[in-house]
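The structure appears below as structure tokens.
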Amino acid sequence: MKLYNNAVKNPVGTSLIFIGIVLIGLMFYRQLPIDLYPDIDMSMISVMTSYPGAGSDDVEANVTRPLEDVLNSTENIKHITSRSRDGMSLIMLQFEFGSNMTEIMNDVRDKVDMIAGFLPDGVEDPMLLKFSSDMIPVMVLSATAKESTNAMYKILDDQIANPLNRIPGVGTVSISGAPQREIQVNVNPQKIEAYNIGIEQIAQIISAENINVPAGNFDVGTQTYLLRLEGEFARSNELNDIVVGSMGGRPVYLKDVATVKDTLENRVMENYTNGVRSASIVIQKQTGANTVSIANAVKEQIPILMKNMPPDIEIVTVMDTSDQVITSINSLLETIILALIIVGIVVLFFLGRWRATIIIMVAIPVSLIGSFIYLYITGNTINIISLSALSITIGMVVDDAIVVLENITTHIERGSRPEQAAIYGTEEVSLSVIASTLTIIAVFLPMTMVGGFAGIMFQQLGWMVTIIITLSLVISLSLTPMMTAKMLRSTKEVNLTGFDKWYQKAILPLLDKLDRGYAKLLRTITGNRKKTIGLMILIFIVGAVYSALTMKTEFMPQSDNNDIAMTIETPPGTRMEVTRDAGHRIERMIKDKFPEVEIVSFSVGQASDDNTFAAMQDNGPNIMKYNIRLSKAKFRTKSIFDVSDELRIELSGMPELHRFIVQPGGGNTGMGGSNNLQVEIYGYDLDATDQVAAEMKSKLEQVEGLRDIIITRKDYRMEYHVEFDREKLANNGLNMASAASVVRNRINGLVMSRFREDGEEYDIVVRYDEPYRQSLEDVENILIYTPTGKGVRVKDVGRVVESSSLPQIDRKNRQRVVNVEGSIYKRALSDVVLDVDKVIASTDLPSGVQMEISGSVEDQQESFAELGLLLMIVSLLVYIVLASQFESLTYPFIIIMTVPFAFVGSLILLAITGAPLGIMGLVGLVMLVGMVVKNGIVLIDYINLNRERGMSIITAVIHGGRSRLRPVLMTTLTTILGMIPMAIGTGQGSEMWQSLGVAIIGGMTFSTIITLILVPALYSVFGGNGVKRNRRKHRAKIKAVEGVESDTIEVANA
Amino acid sequence: MKAVMITLDQAHYAQIVDDLARLNIRGFTSWKEVSGRGSKTGDPHYGSHAWPSMNNAILTVIEDDRVQPLLDYLKKLDTEYENLGLRAFVWNIENMI
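The listed protein sequences derive, respectively, from chains A and B. The opening position of the first sequence corresponds to residue 0 in numbering that gives the first Met the number 0, with each subsequent residue numbered one higher. The opening position of the second sequence corresponds to residue 0 in numbering that gives the first Met the number 0, with each subsequent residue numbered one higher.
What follows is the structure, encoded as structure tokens:
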């Protein structure tokens, strides 16, 4: 029993099965997590190793290089980049996308363990960290306060962070920018010198006094008691009364030599939101958690939590990724609904029957909703890729149903009863429906196997489309015939409604006229087929040349997500207070000049040591990081790119700034945002590469469309070195380590004990009071006690010298590198690359220095190569599917001839709309291969049919073309018009899909016109050749037979 | 007794079998999916790509007086759905068990 036969005979079962699929799909849809992108493994591992006290070049030579050498042999590695800083080495390993990261992580761990024993003494164990997209915060809140500023950390930690952490799915909630409480013991050096006490001694005494000791159990009578010694300070002012030494038989109290302050730590990163000191609350999610539901839960919780907070604390949202998710998803949903309506109108226009339209439209929701079952089972999310798959296929899922329905209608019109017509009508077209679905699958299934970044992006798209199209095929072979059998009436029973009458009067004559016109055109074409083909080739060449000349390429379209990030530096060594003032000026400037800005927040200062995330980014007293949030895209006229460009102009007018980068799209969006370009300059000699970098920078600044040109190598930093004289140290019984730690304890401070209150611990920091550590003399006058108890000054055993050093050495692929980077504004990537290539060619390089271009270009080249390969594979597969269906090599060739025309059409439309060809556009081209051949299949299939029915080639072509015009136009128009909402999309995040929509619309339109003209012409030429060849063969055979006969006669005569 | 051989487009099959009972004809033999072509007009029924439709054949052996009503019925059906194709042929039965 065949599928459609069964379906028509069992209408109840069939309809209930599909209702069941829809119900399960809807149920799963509700449970599907929503996210912006599919789960993307960032394929990055970092190895962080600290080597306290070593300079950046020591770190490079002794830690980074040995580690890089051994890590370089890891499988699937793409790049190794490293930063060697004072005391720290950070190696980033970038692997090929799609690698098995668990396996690689083990491999990396083994390699690091192997080399760890060979690293110098004093190097701490390397720390491994795997990056994932889950590390990107879901939300960043900012808390501002007036009176409660000092207690902010504790308030936020207790009353916001802890409750939020209990929300299911929340990974970590961390607070930064709020200073923590600290007990400072600020020592007066003159006084301790007078009493002969060292800072170390004070710290040890504090630590010895601040202690609780259990003293064991003891029995009193019938009871057992626990004995405890409670020495811990209950209040911070108890510190004042500790005895730290004695002088002349009288005790010296701590208050005699130092002031104890219960205050806040002072060297921290400070955050400001809209000009007010603030603290950031960063919320990260657990792997696989639902971004939107977390963000919603947080937004629900905040007002409840706020009730218990001091009234002066305010909390605003600085960043909310769920916002972007929701708006992107909503705009895609709008696109889908719009496409649904358009497709409905097109179907009604061509069929003119309500019932038929409903039958076809049912195929859309059933196949789309069915695909949610796949998403749920495979643990995927609803994201912009999976939803776009729906929006792309919406015009294609009706195609099969249309072909089936059209043929069944023909049967009914011939007089069959609907039930029989449904079965036999479906049977007739089932093969060609299956074949055209196979061509679509031949395009999308290979898409799931592409490697690299593009592969990650399009894997889900490939699966979704394959599943939706397969489902639509099943529907067209079961549900559609079943519904037709039940709903369509045979011609005699039809009652004409008002709509039918209007349709027959207004629309039908139009369509008939179109058919006649096309038949006339076909007669001309078949009459002048050589000329027609020549004309088409001419159009193709002109189109190809035009598009080749105007074609611009890019990597990913830039999308406006309302965020701008800036990194601004004042000259190296600038005090944090000075930088902060500049920061406030910038903020006021932004507020005054850019009314579309809603929130400006910035952080300034050195990140504390325990903040790993911040420590991996650039930070320092002269570095400010800005996050600017603009109002929603539809409420403003300037895009983030325009605002960014104006910001650059404003910033370049501020002389106190050293350099700045403005990143539209924010710093950590991963995709979208702005395209960038890097010139990598490799070379060991720092001076030589610096020189080349400076030259490149000034040259690149001349290139049109490049902004924010910066050199990534850090500037040399002014610093003071304490150079001890080893001999003098030795004479005093000291060594380098002991002398150095003395200096460090006095300037940086010594933490040996912690003050405990309410279950929280606060550092007790002992160091010189601030006025005594502000000049070179203060350092020189530091007193070092020798083992014999004698004190020597630093200036007696060494000297303090001024010098400069490179704070960080960057390497890539085991070579020192300087990057000259820029971001691109309002110009296609390919144009900028052309100019930059010229600049590179015109630059003379010193020996040992190489230069390379990278950045978005590199990703683009990689993705284009992958997609180019995909394009070839897909074209071959489609040809194979066609050839096996037609059991011929010629007809598929005619059909595939329309594909290059489709490409030209896409490129021309892209050029006209001014959109460059990015990976999205390229994917559009790949899809076109499967989509444009559909028309050819329908046409050639029917012409062949006519010939088999005994028509001559020309009649078959004209008759076939005329009767297939409507189905071809209908399926093409549903596809093209279904794409239009995507191509002109205005919603947030629509930029990404625009070029895909434009490419498909251009390609489909152009190729359909060409198909309708070129395919008949080519068919009549090839078909004619086939007939002539057969005739020649036939004649040859006759001749041969005659020849043999005459030979035999001659032989007989002889 | 007469034998009536009916060759019909398979779209007719379900209805004709239904209606045979109504014409008081119980016994018949049928062949599904047979192919053929009419002598004058009509599309061939080959089950091929070009001519996808197929015929069925029904052979029924009936009393002489039932033949005419059956033929009348078939004639009416044929004129009603001219495009589908329906033919009937009658011949004598010599003997039977």
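Heads up, the beta-carbon is just placed ideally off N, CA and C, and yes, glycines get one too. The structure displayed is predicted, hence computed values, not measured ones.
Contact annotation: residue 586 (chain A) and residue 577 (chain A) have beta-carbon atoms that are not nearer than 8 angstroms.
Residue 414 (chain A) reaches chain B at 10, 79, 80, 81, 82 and 83, counting residues in chain order whose Cβ is nearer than 9 angstroms.
If you draw a straight line from the Cα of residue 443 (chain A) to the Cα of residue 449 (chain A), it is about 11 angstroms long. Among the residues of the stretch 923 to 950 of chain A, those with a Cβ less than 9 angstroms away from any Cβ of chain B are 940, 943, 944, 945, 946, 947, 948 and 949, in the order of the chain. Straight-line measurement puts the Cα of residue 752 (chain A) at about 16 angstroms from the Cα of residue 179 (chain A). Put simply, the CB of residue 30 (chain B) is far from chain A, with every gap to its CB atoms at 8 angstroms or more. Cβ-Cβ distances below 7 angstroms link residue 808 (chain A) to 55, 56, 59, 83 and 815 in the same chain, with the five nearest sequence neighbours on each side left out; the list follows chain order. Residue 441 (chain A) sits away from residue 938 (chain A), with the two beta carbons spaced by 8 angstroms or more. Using a C-beta cut-off of 8 angstroms, the stretch 208 to 220 of chain A makes contact with the stretch 229 to 240 of chain A, since at least three inter-stretch Cβ pairs fall below that distance. Contact of residue 886 (chain A) with chain B is not assigned, every C-beta pair being separated by 8 angstroms or more. For residue 849 (chain A), the secondary structure class from DSSP, reduced to helix, strand or coil, is strand. Counting every other CB atom within 10 Å of its CB across the protein chains shown gives residue 25 (chain A) a total below 16, marking it as exposed.
Counting only Cβ-Cβ distances below 8 angstroms, residue 51 (chain B) has contacts in chain A at 423, 426 and 427, in chain order. At a beta-carbon threshold of 7 angstroms, the residues of chain A lying near residue 48 (chain B) are 944 and 947, ordered along the chain. By DSSP's assignment, residue 27 (chain A) forms no beta bridge with any residue. Setting aside the 5 residues that flank it on each side, residue 146 (chain A) is surrounded in the same chain by 311, each with a C-beta closer than 6 angstroms to its C-beta; the list follows chain order. The three-state reading of DSSP puts residue 319 (chain A) in strand, counting E and B together.
Your pair residue 166 (chain A) and residue 16 (chain A) does not check out as a contact, with CB atoms roughly 40 angstroms apart and the cut at 8 angstroms.
Bounds of the alpha helix (DSSP H) holding residue 290 (chain A) are 290 to 305. Only residues of its own chain outside the window of five on either side were considered, and among them 342, 346, 359, 362, 363 and 973 have a CB closer than 7 angstroms to the CB of residue 397 (chain A), listed in chain order. Residue 278 (chain A) is bridged by DSSP to A:142. Taking 8 angstroms as the cut-off, the Cβ atoms of residue 952 (chain A) and residue 1019 (chain A) count as close. When the alpha-carbon of residue 880 (chain A) is set against those of A:676, A:894, A:595 and A:424, the nearest one is in A:894. Just measuring C-alpha positions, the residue of A:461, A:390 and A:249 sitting nearest residue 993 (chain A) is A:390.
Assigned with DSSP and collapsed to three states, residue 658 (chain A) falls in strand. Judged by their CB atoms, residue 394 (chain A) and residue 338 (chain A) are nearer to each other than the 8 angstroms cut-off. Following the DSSP letters along the chain, one finds residue 44 (chain B) in no beta strand (DSSP E), marked with neither H nor E. Looking at the backbone, the Cα of residue 96 (chain A) and that of residue 34 (chain B) are separated by about 58 angstroms. Residue pairing by DSSP puts residue 183 (chain A) in a beta bridge opposite A:260 and A:764. The Cβ neighbour count for residue 706 (chain A), taken over all protein chains shown within 10 Å, is at least 16; the residue is labelled buried.
Contact of residue 419 (chain A) with chain B is assigned, a C-beta pair being separated by under 8 angstroms. Taking C-beta atoms as the reference points, residue 711 (chain A) and residue 832 (chain A) fail to come closer than 8 angstroms. In this structure, DSSP gives residue 38 (chain B) a state outside helix and strand, which the three-state scheme calls coil.
The three-state secondary structure of residue 371 (chain A), taken from DSSP, is helix. One alpha carbon belongs to residue 63 (chain A), the other to residue 42 (chain A), and they sit about 20 angstroms apart. Note: residue 30 (chain B) is bridge-paired with B:56 in the DSSP secondary-structure output.
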